[in-house]
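Residue numbering for the sequence shown follows this note's numbering, starting at 29 and increasing by one per position. For reference, the structure discussed in these notes is given below.
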Amino acid sequence: MIITLFFKLVSRIQFLATSTNQHGVHSPFVFDFVTKGLYQKSKELALKNDFLAVQNLPKKEEKILSNICNYFKINQLYTNSKELENSLDNNYKLLYFNTIKNFMFDEAIPNSSQIFFVIHGIHSNSKSFQKWKSICKNNQAIVTIDVFYFGLVFFRRKQVKEHFKIRV
C-alpha cells in the first residue's frame with residue numbers, strides 16, 4: 029500500500045516535470061484534440077451513470093473522460109472489442125478499459141483507425157506503468173497520449189508515430 033502510494037507520488041512528480049500543455053504539441057490532430065477537447069470548459073458531463081465502467085471515477089477523471097467523449101462525439105462506451113464488430117457507422121468509437129492490469133494489447137488491436145482506446149490507471153503502480161510503456165512502443169499504436177489518469181491509444185495509420193504527455 030505504501031509502496032503504491034509512493035510510486036504514484038513519484039510518478040506524478042515525474043509526469044509534471046516532463047509533460048506539456050498545448051504549446052508543446054506539434055501534431056495538428058493532437059493539438060486540435062487538446063485545445064478543443066481536453067481543455068474545453070464544459071459544465072455538462074457527457075457520461076451517463078449507466079456506464080458501469082465509469083460509475084466510480086473521481087470528478088476530475090470523469091470530467092476528462094467526458095471531454096474526450098464530447099470531442100469525438102462518443103455516445104456509447106465499449107468495454108469489449110467484440111461489441112465493436114457489430115457497429116457499422118464510420119464515427120469514432122471509444123474502447124474503454126478501466127484497468128491496464130489484464131489488458132492484452134495484441135488481442136484488442138482494432139481494424140479501423142476510427143477506434144481508439146482509453147485505458148484507466150496507467151500510473152497506478154509500477155507494473156501498470158511498465159505495461160503502458162510497452163503499449164507506447166508497439167508499432168501499431170501510432171499516437172499515444174498520457175494524461176496521467178488515462179492513456180489514450182490511436183491507430184491513425186496516416187500519421188507519424190508519436191507519444192505525448194499532456195497536463196490536464
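We treat Cβ as the ideally placed atom computed from N, Cα and C, and that holds for glycine.
{"Asked": "Where the beta strand (DSSP E) containing PHE178 begins and where it ends", "Found": "178-182"}
{"Asked": "Rounded C-alpha distance that separates GLN68 from LYS91", "Found": "10 Å"}
{"Asked": "DSSP state of LYS36 mapped onto helix, strand, coil", "Found": "helix"}
{"Asked": "Residue environment, ALA169, which counts as buried when at least 16 other CB atoms sit within 10 Å", "Found": "buried"}
{"Asked": "Delimiting residues of the beta strand (DSSP E) encompassing VAL58", "Found": "No beta strand (DSSP E) contains VAL58, which is instead part of the alpha helix (DSSP H) from 56-61."}
{"Asked": "Close Cβ partners of LEU195 (< 6 Å) along its chain, the five nearest in sequence each way excluded", "Found": "The sequence given here places Arg at residue 195; Leu does not occur at that position. Closer than 6 Å at Cβ, skipping near neighbours: SER47 and ASN49."}
{"Asked": "Residue span of the beta strand (DSSP E) that contains ILE147, given as start and end", "Found": "143-148"}
{"Asked": "Distance CB(TYR99)-CB(PHE61) smaller than 8 Å", "Found": "yes"}
{"Asked": "CB contact flag (ASN151, PHE125, <8 Å)", "Found": "Checking the sequence shown, residue 151 turns out to be His, not Asn. Against a cut-off of 8 Å, the Cβ pair of PHE125 and HIS151 comes out as no contact."}
{"Asked": "Residues of its chain near ILE128, where Cβ-Cβ distance is below 7 Å and the 5 sequence neighbours each way are ignored", "Found": "ILE147, GLY149, ILE150, SER156, LYS159 and TRP160"}
{"Asked": "Backbone CA spacing between THR63 and HIS51 [nearest angstrom]", "Found": "10 Å"}
{"Asked": "Residues that VAL260 bridges to, as DSSP identifies them", "Found": "This structure leaves residue 260 out entirely; the chain is present only between 29 and 196."}
{"Asked": "Secondary structure of TYR106, DSSP reduced to three states", "Found": "strand"}
{"Asked": "Outcome for THR172 when other beta-carbon atoms lying within 10 angstroms are tallied against a minimum of 16", "Found": "buried"}
{"Asked": "LEU33, buried or exposed, once every other Cβ within 10 Å from all chains shown has been counted against 16", "Found": "exposed"}
{"Asked": "Coil, strand or helix - LYS91 by DSSP", "Found": "helix"}
{"Asked": "Burial state of LEU66 (16 or more Cβ within 10 Å)", "Found": "buried"}
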